[in-house]
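So the structure is just underneath, and the comments pick up after that.
Protein chains in written order, with my numbering: chain A, 2 to 65; chain B, 440 to 972.
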């Protein structure tokens with residue numbers, strides 16, 4: 002049983018995407034990568050569920 | 440360049456009558472290696488009336504000593520063996536750790552926020568002082584035969600024991616043992632003679648370790664830096680020891696050249712940056728890498744491995760010598776019970792189960808700390824740095840910062856324990872050492888719970904009116920509210936007591952059963968189970 006939600010949860014997906022775009026706009030690659038890493042940690046802790054985190058990692062690795 | 444330790448204690452080799460015996464002499468237990476672990480084990484066995492021969496290839500202590508941090512649990516064990524108070528008096532007591540990023544304090548932590556424990560969270564004390572205290576204690580015990588300059592050179596497996604060939608200044612002799620205990624360290628001779636595989640992970644990262652003597656007023660706390668300006672890009676650790684000696688541990692990266700890095704001028708240049716000028720004397724310098732590994736099994740028929748001979752970890756977390764001393768305490772009472780016919784060999788097998796789980800726990804912690812301190816790739820480093828960047832602002836990231844998870848005793852999830860029938864709150868856990876608590880005697884003089892658990896099976900009963908329980912054979916009885924009193928209520932809180940509750944404690948002070956209501960037959964059953972009888 003998958004605990005990871007992959008159905009869309011944002012009422013306005015374009016706005017969510019835009020927020021992520023704007024977060025890295027004009028940042029050099031390295032700084033953007035560092036920002037993403039901090040973002041991963043912040044969101045992972047917010048989810049706070051190791052099982053969900055592991056499923057998300059599996060999905061991310063399988064789609065690269 | 441050798442930096443010889445100054446404090447070295449020498450002992451005399453003495454010829455044993457066993458060397459001249461016409462037939463090979465047989466002893467119940469022979470322990471190889473008089474380091475902290477071998478000494479603790481030999482003392483524990485001797486105190487249990489088991490005659491022990493303890494062999495060591497040297498005739499002195501104090502060379503190549505590394506351990507400095509002794510944990511609360513180790514001190515509780517050593518207190519039972521009679522040297523705990525001496526060590527605490529001699530050592531530097533600390534419980535606060537600080538973690539810096541760059542030159543800024545990220546956070547500090549208190550390892551023992553709870554009151555009412557006899558032993559502190561940690562003391563720092565040079566290993567040779569601890570060994571000296573244990574040797575002094577060993578020499579007081581008549582049935583402990585400590586033989587210096589006795590080097591194991593040969594091993595033969597016997598069906599019910601081991602045969603050793605031992606080299607001495609008077610030439611070789613043979614000695615047979617019912618049980619042979621290998622406490623001979625990371626480069627164990629016994630392990631080599633048995634041809635056992637010692638597999639695991641070797642870390643490439645090199646560390647410089649220096650003990651310097653200086654008059655300084657740095658605070659008594661563990662200080663750890665990620666990328667301080669005085670040691671760019673790497674980590675650093677500083678610890679206080681007695682005698683104005685400071686331990687400084689500097690990460691040097693995988694490519695450091697041992698020959699170059701141990702040059703005194705080079706070492707001094709690095710230390711000058713750490714210590715900001717000031718006068719200091721180099722006591723000892725060494726460059727090391729480390730391994731995380733263990734034997735597949737610690738019990739090989741009648742040969743049993745303890746301490747570094749059985750498992751190795753990185754030094755971050757003080758899990759080496761501390762876990763070795765916990766191996767020794769786990770094994771001592773079991774072996775004594777088997778030798779006295781109170782238990783079968785199955786009890787020794789439980790040493791394997793319990794201490795292999797503890798070793799895996801230690802190796803896991805140690806590996807994770809190392810991964811955090813020396814990331815394997817640029818991407819891993821970015822993740823680590825993200826944690827450090829967030830740690831100043833968020834609690835969740837602070838809890839991920841890993842500068843070594845400091846040694847705590849293992850909770851044994853073991854077949855020796857009788858599962859709880861009713862739930863218990865409090866901090867006491869089935870399979871863990873009992874938490875210490877302050878108590879008073881009938882005359883109001885203070886004592887501690889653990890001081891009253893002196894190495895036997897013990898039934899602790901909480902008085903309930905006039906009813907008095909009876910303990911089964913082989914179990915001592917302590918009644919709280921009769922000979923000992925819990926005036927401060929900390930014992931009650933930690934063990935979640937109710938009137939009439941009963942707790943069965945193993946000889947190593949680990950809790951193995953508890954009940955809300957005393958029942959002699961249930962206690963006897965739990966006692967048999969804990970002895971695998």
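Positions of the beta carbon are idealized from the N, C-alpha and C atoms, including for glycine.
Between the alpha carbons of residue 614/B and residue 909/B lies a distance of about 44 Å.
Those residues of the segment 830-844 of chain B placed with their C-beta closer than 7 Å to a C-beta in chain A are 835 and 836, ordered along the chain. Contact of residue 39/A with chain B by beta-carbon distance below 8 Å involves 825, 828 and 829.
629/B is the residue among 629/B, 819/B and 823/B whose C-alpha sits nearest the C-alpha of residue 738/B. Contact annotation: the segment 755-763 of chain B touches the segment 469-481 of chain B, with at least three C-beta pairs closer than 8 Å. Residue contact check for residue 43/A against chain B: a CB pair falls below 8 Å. Annotated three-state conformation of residue 534/B is coil, per DSSP. Residue 52/A has a beta carbon lying at 8 Å or more from every beta carbon in chain B. With its beta carbon less than 8 Å from one in chain A, residue 821/B belongs to the interface. Chain-ordered, the chain B residues with CB closer than 7 Å to the CB of residue 34/A read 821.
Less than 8 Å divides the Cβ of residue 850/B from the Cβ of residue 871/B. If you check the CB distance, residue 971/B and residue 786/B come in under 8 Å. Here residue 644/B is buried: its Cβ has 16 or more other Cβ atoms, across all protein chains shown, within 10 Å. Counted as a single uninterrupted DSSP element, the beta strand (DSSP E) harbouring residue 678/B occupies residues 674-680. At least 8 Å separates the CB of residue 27/A from every CB of chain B.
Excluding the 5 residues flanking it on each side, residue 525/B has same chain C-beta neighbours closer than 7 Å at 572, in chain order. Burial of residue 687/B is indicated by the presence of at least 16 other C-beta atoms within 10 angstroms of its C-beta. Using a 10 angstroms sphere on the CB of residue 905/B, the tally of other CB atoms stays under 16, which defines it as exposed. Assignment of residue 637/B by DSSP, reduced to helix, strand and coil, places it in the coil class. Rounded to the nearest angstrom, the Cβ distance from residue 944/B to residue 951/B is 7 Å, consistent with a contact under 8 Å.
Secondary-structure assignment with DSSP links residue 751/B through a beta bridge to 732/B. With a cutoff of 8 Å on beta-carbon distance, residue 824/B and residue 667/B are scored as not near each other. In terms of Cβ geometry, residue 706/B and residue 670/B do not form a close pair [threshold 8 Å]. Closest in C-alpha terms to residue 729/B, from the list 747/B, 719/B and 911/B, comes 747/B. Ranking 549/B, 455/B, 701/B and 924/B by CA distance to the CA of residue 882/B puts 924/B first.
Between residue 516/B and residue 570/B the beta-carbon gap is near 15 Å, outside 8 Å, which marks them as no contact. In terms of Cβ geometry, residue 646/B and residue 568/B do not form a close pair [threshold 8 Å]. Within the same chain, Cβ atoms closer than 6 Å to the Cβ of residue 625/B are found at 747 and 751, the five residues on either side in sequence being excluded.
The segment 649-658 of chain B makes no contact with the segment 598-617 of chain B, as fewer than three CB pairs between them are under 8 Å. For residue 615/B, the uninterrupted beta strand (DSSP E) segment begins and ends at 612-621. By the CB criterion at 8 Å, residue 607/B and residue 458/B fall inside the cutoff. Residue 47/A counts as exposed, since fewer than 16 other beta carbons sit within 10 angstroms of its beta carbon. Secondary structure at residue 588/B: coil, using DSSP grouped into helix, strand and coil.
The Cβ neighbour count for residue 819/B, taken over all protein chains shown within 10 Å, is under 16; the residue is labelled exposed.
For a cut-off of 8 Å, the C-beta gap from residue 898/B to residue 875/B is around 18 Å, too long to register as a contact.
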